[in-house]
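Before any comments, here is the structure.
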Amino acid sequence: MHSGRDKIIRRLQWADRAHQREAGGSLLFRGVKWVLLGLAGCFVLDVFLHLDAGWRLGLTGGLVMIALGLIGWSAYVAWVRQNPPEHIARLLEERDPKLGSQLINVIQLEGQADDPALAEPTRQMARLAVEDYASRLAKVPFERAARSGLTAREFKRAGLALLIFTLLLAAFFPVTRTEVPRFLDPYGDHPPYSMTKLEIVNPGPEGTNVIYGRGFIVQVQSSGHRPKEIFLTAHPLGEPEKAVTLPMFDKGEAGYYQELAEIRKPMVVQAHTKDRHSLSRQARLGVILVPQMEKAFLQISPPAYTGLKPEEKPFHFKGIQALAGSEVRFRLQSNRPLREGFIEVQIGGAEPARFPLARTADSEVTGKFPALDSGRVKLSIVDTDGIASQAPWESALTVTHDLAPEISIVEPERDTFVAMDFRMQPRIEASDDYGLSTIRIHRGLNGTFGPPRILRFTNIVRAARETLEFDFRDLGVQPGDVISLFAEAVDNCPEPHLARSQTVNLMVIAVEEYNDFLRERLDITMLSEKYGELMTILNDLIEEQKKVGEEAAKTAAQAEKAGDAQKEALARELDALLAKQNELNRQLNQQAERMENFVRENPLYDVEHELQKELRDEARQIRESVKQNDADTGGIARRSNPETGGRQVSSDSFKDFKQASDDQVKRLGGVEEQAQEEVAGALEDLSAMQQLIKDFNQFEALYQAQQALAGQCQAYNREGQLSREDQLALKNLAATEKQIADLLEGMADRLREDAKAAEENFPKAARSARDLAEKIEDARLDSLARKATDKMLEAKGDASAQAAERLRSEMEKLCSQCNSSGGRPQQGELDQYLKAQRAMKAGQTFSQMMRTRNFSRPGKQRGMGQAGASGEGESGETGYSISNQQALDVMGNESMINRSAVTDRPSSRAGMARGKPGDNFTEPATDKTDTMKRLNPVNRQSGAVQSESIMEEYHEVVEKYFQAITREPKK
């Protein structure tokens with residue numbers, strides 16, 4: 008029986024299993040710290056050596072294999088491996104001394120008991136001994152000795168190692184954050200740890216898409232240690248062997264930039280330092296394959312008749328404008344290789360017309376369509392892969408049509424009176440948007456037209472100007488004749504358009520009529536300005552001569568100090584001075600010619616004939632001075648440049664030049680002084696007489712105005728309450744009466760002031776002016792005028808009429824006294840003055856001065872009653888005009904008129920041509936014609952009072968004019 012022994016053996020086996028489990032567990036926990044140490048070592052190696060993916064994979068795999076081997080071996084030890092009973096028995100006896108050698112004895116005796124080689128008694132005794140040991144060990148728990156607590160201890164050590172490892176990872180978290188992903192995912196996008204951190208901020212972590220063929224700017228930011236330089240490596244996705252490395256541009260705090268141009272495939276980019284110790288995460292750039300419009304070009308080919316050449320221009324889809332019948336051609340360029348494209352033209356609600364765009368280059372298509380009507384144009388393209396553009400490009404199409412030409416007579420613009428001796432040059436301007444074909448100019452005399460003058464254009468002319476010339480004497484035209492003028496223009500359109508200008512009538516008047524008109528508008532005082540401009544030009548030339556002399560003196564001082572090296576520069580200075588002097592002498596000769604022909608053949612005032620004699624004498628002196636100066640400067644030029652040898656320029660050359668200049672200044676100064684004495688002096692004295700004449704004429708004009716006003720007041724001369732309309736009319740007349748009162752108030756003072764100025768040369772006229780001033784004050788005309796104004800404002804009809812009539816009566820008495828012998832300036836006194844003091848013939852100068860109706864004073868505007876008329880005026884102190892009709896121009900040869908003396912109405916350019924003349928157009932260089940404004944057309948049907956009309960002297964001429972322009976055409 009071996010029951011006791013079997014129990015011991017089973018107990019030993021259980022103890023062995025417990026021992027093996029403890030050995031396997033302790034082995035496993037002991038290996039943990041070594042695995043952690045290996046992992047930390049791998050991290051350290053990667054931090055310093057930046058292991059590549061293979062090494063990291065190998066190390067990671069090695070650690071995993073070690074860990075798995077450790078686990079497998081520990082499991083084998085714990086669950087599979089078995090020790091011999093003797094081994095476990097000795098282990099238990101060693102751990103529990105109380106056991107002695109009982110366990111090993113039992114095992115050995117068990118062997119003897121079963122050994123057939125021994126004698127039976129021996130085996131029997133062995134069995135008894137085994138049973139004895141079994142009974143004694145039955146109550147001894149020797150199995151406990153198999154567990155020594157090693158597993159718990161190793162577990163604690165492993166936990167401590169793991170804690171330390173975790174603390175290290177936490178302490179070096181930046182390294183941990185970098186290294187853990189690198190070893191867990193060796194082939195992933197995990198840059199190695201570096202003190203310099205690089206980050207691609209554009210594109211971001213998600214990447215971006217780039218239009219095919221476009222470029223992209225990559226932006227990189229660095230943190231930590233700042234690198235000296237950063238490089239960008241880019242390669243197509245999946246093709247690292249085609250990588251390209253580019254240096255990035257350092258933009259300071261903004262980071263680093265580099266542009267990748269013409270991206271046509273998905274790209275992978277990564278930033279790194281030169282040694283690649285610092286790497287960024289990779290970024291991806293996708294590619295948008297939808298074709299884009301890179302450039303568009305538009306060419307419009309107008310119809311052949313326009314003569315316009317096709318011109319291709321960049322198109323920005325801001326609208327298309329083309330003439331009807333033009334050919335519109337598009338050329339489109341894309342970022343993608345193109346296969347075809349389409350043009351859709353939508354006109355109104357009709358079905359859109361489609362035109363193809365054919366491939367003309369790798370990334371270009373071209374197509375065209377005719378411009379027939381306005382609408383919208385849509386463009387689309389398709390690449391070689393069949394990918395169409397997403398949204399069509401649209402633009403408005405505006406089809407224009409050939410407009411009719413424009414033509415007008417620009418000078419003169421309207422009906423004009425022209426002096427008989429004036430060489431009239433009407434100017435016609437025509438224009439067309441695409442070209443003129445013909446201009447027809449129609450001319451008529453007194454309503455009878457001859458064949459038109461035709462101008463044909465064989466080339467493309469968009470703007471044309473034609474100037475006619477009328478010499479009335481050569482044409483046999485007489486004063487009173489009317490020349491009518493209009494023009495027509497035809498364009499070069501296949502279906503021609505015609506335009507017609509306004510009709511301009513040129514009323515020819517006698518030279519004396521023209522002069523009379525000017526005499527009414529001007530006065531002899533204004534001749535001072537006319538002749539003063541002539542003297543100003545001469546003075547400017549004298550001042551220029553002085554400057555040339557001063558320049559010569561300055562150069563002479565420099566020449567005395569100059570050496571031989573500066574002789575060439577001195578020669579150039581002398582040549583420049585001689586050139587200036589020659590130009591100045593040319594201008595002086597022109598001035599002499601101007602002075603010699605300054606006065607017209609029929610001047611405004613007869614005394615101008617005498618002034619012309621003085622001007623001719625002065626012109627002769629100027630020519631003689633210029634001739635002498637030419638001789639002096641010519642000698643200087645010859646001496647400085649002899650026939651033999653080089654230039655001989657010295658300070659003496661410039662001194663001689665200065666002397667010649669001074670001599671000329673002296674001679675010209677004498678001419679200027681003579682002109683001031685003879686011409687300006689005479690005009691100044693005559694101006695004093697003219698001012699007195701104007702004062703008397705103005706008083707007479709005020710009387711005529713008051714006479715007309717008093718007559719109009721008689722319409723309201725009744726007692727009682729007036730109607731509202733009559734009251735309004737009286738208030739309107741009150742405004743006119745007030746103007747008369749204002750002028751009468753200061754007239755006495757003006758008469759005395761002008762009398763004082765004329766006292767020395769015209770004592771009789773001055774005495775007449777003072778007498779009139781005293782009579783005006785004695786009659787208290789201004790008070791009577793203000794009283795009449797008050798009555799009109801009070802709307803008292805009878806009192807207004809009586810007050811106005813009383814003022815008229817008093818003024819009539821004074822006018823009668825003025826017109827009596829000695830009551831106003833006389834011609835004899837003016838004639839005597841000119842003959843005695845100026846040795847001049849007066850001729851009809853006095854009667855010509857008497858015609859003036861210009862009552863302006865020096866520094867003031869025109870005064871009351873420009874033409875002795877009554878009514879509401881336009882401008883001036885208190886000017887009047889009887890008509891509100893458009894005034895006609897008067898054209899003649901009088902030049903250098905003070906334009907401020909005449910009030911010009913704005914012209915009405917009814918036929919003004921549009922556009923500007925072409926580049927090949929040449930403006931003729933002609934003097935500006937003298938045009939007098941505000942000659943109002945009046946006829947018998949106008950209701951005008953004859954004494955109030957400014958056309959009183961031209962009544963017969965005006966009547967003929969109106970008969971001519973109102974004559975019914977013959978049927």
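Residue numbers (my numbering): 8 to 978. Yeah, the Cβ is synthetic: ideal placement off N, Cα and C, and Gly gets one too. Here the structure is a predicted model, which is why all the values come from computation and not from measurement.
Rounding to the nearest angstrom, what Cα-Cα distance links residue i and residue j in this structure?
i, j, result
"residue 561", "residue 423", "57 Å"
"residue 160", "residue 33", "8 Å"
"residue 798", "residue 606", "53 Å"
"residue 1057", "residue 734", "Because the chain spans 8 through 978 in this model, residue 1057 falls outside it and cannot be assessed."
"residue 937", "residue 429", "Below a pLDDT of 50, predicted positions are generally treated as unreliable, and residue 937, at 40, falls in that range; the measurement from the model is reported next regardless. If I take the Cα positions, the gap works out to 10 Å."
"residue 557", "residue 621", "31 Å"
"residue 610", "residue 522", "7 Å"
"residue 209", "residue 268", "15 Å"
"residue 197", "residue 369", "42 Å"
"residue 320", "residue 305", "5 Å"
For a quick check, are the C-beta atoms of residue i and residue j less than 8 Å apart?
i, j, result
"residue 704", "residue 860", "yes"
"residue 668", "residue 552", "yes"
"residue 496", "residue 585", "no"
"residue 168", "residue 39", "yes"
"residue 292", "residue 265", "no"
"residue 331", "residue 307", "no"
"residue 450", "residue 492", "yes"
"residue 707", "residue 822", "yes"
"residue 671", "residue 636", "yes"
"residue 302", "residue 340", "yes"
Tell me the DSSP secondary structure of residue i in three-state form.
i, result
"residue 533", "helix"
"residue 67", "helix"
"residue 209", "strand"
"residue 496", "strand"
"residue 242", "strand"
"residue 434", "strand"
"residue 824", "helix"
"residue 125", "coil"
"residue 527", "helix"
"residue 861", "coil"
"residue 491", "strand"
"residue 675", "helix"
"residue 645", "helix"
"residue 703", "helix"
"residue 441", "coil"
"residue 252", "strand"
"residue 17", "helix"
"residue 283", "coil"
Counting only the same chain and skipping the five closest in sequence on each side, list residues whose C-beta sits under 6 Å from that of residue i.
i, result
"residue 72", "none"
"residue 845", "689"
"residue 74", "42"
"residue 461", "447"
"residue 414", "437, 494, 496, 506, 508"
Go through its chain and collect everything with a Cβ distance to residue i's Cβ below 7 Å, but skip five positions before and after it.
i, result
"residue 775", "829, 830, 831, 832"
Between residue i and the rest of its own chain, which residues show a CB-CB distance below 8 Å, the 5 nearest in sequence each way excluded?
i, result
"residue 17", "none"
"residue 519", "609"
(message) Three Cβ pairs or more, each shorter than 8 Å: is that satisfied between the region 830-840 and the region 782-802?
(response) no
(request) Answer yes if the region 711-730 comes into contact with the region 685-702, meaning at least three C-beta pairs across the two stretches below 8 Å, and no otherwise. (result) no
(request) Take every Cβ of the region 171-185, pair it with every Cβ of the region 55-72, and state whether three or more of those distances are shorter than 8 Å. (result) no
(request) Mind the definition here: the region 267-279 touches the region 226-244 only if three or more C-beta pairs lie below 8 Å; say whether that holds. (result) Yes: the two stretches touch, three or more of their Cβ pairs being nearer than 8 Å.
(request) Could you tell me whether the region 765-782 touches the region 735-743, where touching means 3 or more Cβ pairs closer than 8 Å? (result) no
(message) I'd like to know if the region 379-399 and the region 335-348 are in contact, where contact means that at least 3 CB-CB pairs between them fall below 8 Å.
(response) yes
(request) Count the C-beta pairs between the region 218-225 and the region 294-305 that are closer than 8 Å, then say yes if the count reaches three, no if not. (result) yes
(message) Contact between the region 20-29 and the region 76-95 is defined here as three or more beta-carbon pairs at a separation below 8 Å; is this criterion met?
(response) yes
(message) Three or more C-beta pairs under 8 Å: does that hold for the region 316-328 against the region 400-414?
(response) With contact defined as three or more Cβ pairs closer than 8 Å, the region 316-328 and the region 400-414 are in contact.
(message) For the structure I just gave you, are there three or more beta carbon pairs, one from the region 280-288 and one from the region 350-367, closer than 8 Å?
(response) No, the region 280-288 does not touch the region 350-367.
(message) Would the region 190-205 count as touching the region 58-72 if we require 3 or more Cβ pairs under 8 Å?
(response) yes
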